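Beneath this line is the structure, given in structure tokens, with notes to follow.
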Amino acid sequence: YVATSGSGSYTTGKIENNRVYVTAGQTAQSFAGTGSLAVNGVVTAAGNDDTPSVLGARVLLIPSNAAPTAITQLEDSAPGQLVTVVLTNASNPSTMADSATLILAGGAAWGGGIDDTITLFTANGGSSAVWREVCRSNN
7 YVATSGSGSY
17 TTGKIENNRV
27 YVTAGQTAQS
37 FAGTGSLAVN
47 GVVTAAGNDD
57 TPSVLGARVL
67 LIPSNAAPTA
77 ITQLEDSAPG
87 QLVTVVLTNA
97 SNPSTMADSA
107 TLILAGGAAW
117 GGGIDDTITL
127 FTANGGSSAV
137 WREVCRSNN
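Residue numbers (the working numbering): 7 to 145.
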């Protein structure tokens, strides 16, 4: 829970790479400084991006690509992040293959059509994030 007003001091947790991490059970009422804090954001990837950024994202929209594009990693993630990837265009849709960094259910590759989704979770986040499939939907 992040409140937009209040006062107090921040004593437990950390601020790193413009992300705020609060230790469980602690209260953080206000922050000062530069950077940004995005919560439950919707992010649109660039076309042909095989490692799109999910910084602040809860939903990642994947646009059309000039050529078929295999997503190999989701970058700029935070520990505990859950992201739903949505294909928004049927032109050369992006795909994902089961790998060491994208652990997909049953080892099945994902490559859908317009409005298809896959939801992924990472426990560790960061540059060595390992994403695990939570669910997928063929819409």
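Just so you know, even glycine gets a beta-carbon here, dropped at the ideal spot from N, CA and C.
Keep in mind that this is a model prediction, so the values were computed, not measured.
Non-local C-beta neighbours of D104 in its own chain, meaning closer than 8 angstroms and more than five positions away in sequence, comprise L110, G113, A114 and A115, ordered along the chain.
Close CB contacts of G53 within its chain, under the 7 angstroms cut and outside five residues either way in sequence, are with P69, S70, N71 and A72 (chain order). S133 carries a helical assignment under DSSP once its states are collapsed to helix, strand and coil. Where L67 is concerned, the enclosing beta strand (DSSP E) starts and stops at A63 to I68. The residue among L88, P99 and V92 with its C-alpha nearest the C-alpha of T128 is L88. As DSSP reads the structure, V48 sits in a beta bridge with V65.
V92 sits buried, since 16 or more C-beta atoms from the chains shown fall within 10 Å of its C-beta. Counting only the Cα atoms, A76 lies some 15 angstroms from A106.
In this structure, the alpha-carbon of R64 lies about 24 angstroms from that of S97.
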